[in-house]
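Protein chains: 2
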Amino acid sequence: MPADTKTALLNSAERAARARGFDGFSYADLATDVGIRKASIHHHFPSKANLSVALMRRYAEAFETEILRIHEEKTSGGARLLALIDIYREALENGKSLCLCVSFSSSPESLPPEVIAQIRQFRAMLIGWLTKTFEAGQTDGSIAGVAHPELESAAALAVLEGAQLAARAEEDVVLFDMALKLLKGRLSG
Amino acid sequence: MPADTKTALLNSAERAARARGFDGFSYADLATDVGIRKASIHHHFPSKANLSVALMRRYAEAFETEILRIHEEKTSGGARLLALIDIYREALENGKSLCLCVSFSSSPESLPPEVIAQIRQFRAMLIGWLTKTFEAGQTDGSIAGVAHPELESAAALAVLEGAQLAARAEEDVVLFDMALKLLKGRLSG
DNA sequence: GATCATCAACCTATCAGTAGGTAGGCGAAT
DNA sequence: ATTCGCCTACCTACTGATAGGTTGATGATC
Chain A
0 MPADTKTALL NSAERAARAR GFDGFSYADL ATDVGIRKAS IHHHFPSKAN LSVALMRRYA
60 EAFETEILRI HEEKTSGGAR LLALIDIYRE ALENGKSLCL CVSFSSSPES LPPEVIAQIR
120 QFRAMLIGWL TKTFEAGQTD GSIAGVAHPE LESAAALAVL EGAQLAARAE EDVVLFDMAL
180 KLLKGRLSG
Chain B
0 MPADTKTALL NSAERAARAR GFDGFSYADL ATDVGIRKAS IHHHFPSKAN LSVALMRRYA
60 EAFETEILRI HEEKTSGGAR LLALIDIYRE ALENGKSLCL CVSFSSSPES LPPEVIAQIR
120 QFRAMLIGWL TKTFEAGQTD GSIAGVAHPE LESAAALAVL EGAQLAARAE EDVVLFDMAL
180 KLLKGRLSG
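Just so you know, the sequences run in chain order A and B. Position 66 (the first sequence) corresponds to 65 in numbering that gives the first Met the number 0; numbering is contiguous. Position 28 (the second sequence) corresponds to 27 in numbering that gives the first Met the number 0; numbering is contiguous.
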């Protein structure tokens, strides 16, 4: 669809990676999906490692933009956290897909060190945002029972990612909802 | 080491699957590791799908035995939960390995439906055990702030699995410890 | 007690398929 | 005239899997 082939390749690769993992799609799949020849992909992304870096960079940038937008749009910590939970739930697409970070985290041995560094940086950024969010929720009372914002954020991210993994494996979004129910029960505002 | 070649294959495959994922090892790898020819593996496990089923069955049985043992050895809910957390932490092997369930959950598309069913059953069993454990901790006061044991257990399992995934991806066991710190802080006895 | 069939366990050799990647050429746009 | 985007045509490496054969042990039969 996009006039830009490179973007079309990134879109196709991201969809595939999130649904079937980084090892779960090939240049042949991409070529078929986008409508060019397999070898032509190498013109845009010389290697699959190269593609993975571009994929992760685009994803991290888009994600950061989105949570900064949430931070501006929503005023309470509780509302912000709920919005993030919704992002992870939507990314599941009824148990058929993961967010790219979880997908890539599932097969680190297939990724170049550069992507591992990107993943580390992405998670650190997200933990930072979450810590601010829990602090806000602690102050404004929109998240119940917060004593240690930093520990809460580490636990919350693990729940989000773990719940997504389980829900996708069993193709049942209820597993995600069950795992998040406790946290959501603490939110208001 | 084991006189039994089949057991040696299972051991090698489990180690490989937990370290590099189910797609991360081949019959060739197994053959080299165990010291027989690649084709001979098919004598014991006709297909890789077949092997995955055997792997998951053995794992689930061993795991269930272990948590039943914990249930008998430890008297308080808090002590039992702590023992389970330790199992997951040990399985990480300093960020180089996952428990088999998380590893398999990372690549469901490579596994036969039978294994997906085994995974579902395994998680249900574990959730059941965890719910009992949170109930015990609620009653005996060894786990603080328990209001909904079933929701606690779903969240706890997600944290354990998510924390393991992240810690392995970044090869840093501190990520696991951080994610579990909040829960561990609620335990006593 | 020697022969015989059966079996598990393993072998060599090879299969078709797919992976990511490369070389070199062609046409259109700048 | 050069660069860009894409092509055809390949390549090497490796995947899981198969066919068919060898070995040695076991147990029954004569």
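The beta carbon of each residue, even a glycine, is placed where N, CA and C say it ideally should be. Predicted model only: the values in this text are computed from it and were never measured.
Residue 186 of chain B carries a strand assignment under DSSP once its states are collapsed to helix, strand and coil.
Any Cβ of chain B closer than 8 Å to the Cβ of residue 56 of chain A would place that residue at the interface, and such an atom is absent.
Membership of residue 149 of chain B in the alpha helix (DSSP H) is indicated by the continuous run 148 to 168. For residue 118 of chain A, the chain B residues whose Cβ falls inside 9 Å of its Cβ are 165, 168 and 169, in order along the chain. With a cut-off of 8 Å on Cβ pairs, the stretch 82 to 101 of chain A is not in contact with the stretch 6 to 19 of chain B, counting fewer than three such pairs. Close partners of residue 17 of chain B in chain A (Cβ separation under 8 Å) are lacking, with about 12 Å as the shortest Cβ gap.
Per DSSP, the unbroken alpha helix (DSSP H) holding residue 112 of chain B starts and ends at 112 to 139. Residue 100 of chain B: member of the alpha helix (DSSP H) spanning 99 to 104, first to last residue.
When secondary structure is reduced to three states using DSSP, residue 142 of chain B falls in the strand class. At a Cβ-Cβ threshold of 8 Å, residue 168 of chain A and residue 66 of chain B do not count as neighbours.
Within chain B, the C-beta atoms nearer than 8 Å to that of residue 158 of chain A come from 154, 157, 158 and 161, in chain order. Here the alpha carbons of residue 104 of chain A and residue 94 of chain A stand approximately 17 Å from one another.
Interface residue (Cβ-Cβ distance to chain A less than 8 Å): residue 66 of chain B is not classified as such. Between the C-alpha atoms of residue 139 of chain B and residue 109 of chain A there is a straight-line separation of about 46 Å.
The beta-carbon of residue 122 of chain B is placed less than 8 Å from the nearest beta-carbon of chain A. Secondary structure note for residue 37 of chain B: its alpha helix (DSSP H) is the uninterrupted segment 37 to 43.
When C-beta atoms of the stretch 152 to 159 of chain B are compared with those of the stretch 155 to 174 of chain A, three or more pairs fall below 8 Å, so the two segments count as touching. At a beta-carbon threshold of 7 Å, the residues of chain B lying near residue 147 of chain A are 181, ordered along the chain. Proximity of residue 129 of chain B to chain A, defined by a Cβ-Cβ separation below 8 Å, is not satisfied. The alpha-carbon separation between residue 181 of chain B and residue 38 of chain A amounts to approximately 50 Å.
From the beta-carbon of residue 151 of chain B, the residues of chain A found nearer than 7 Å are 181.
CA-to-CA, the gap between residue 111 of chain B and residue 131 of chain A works out to about 43 Å.
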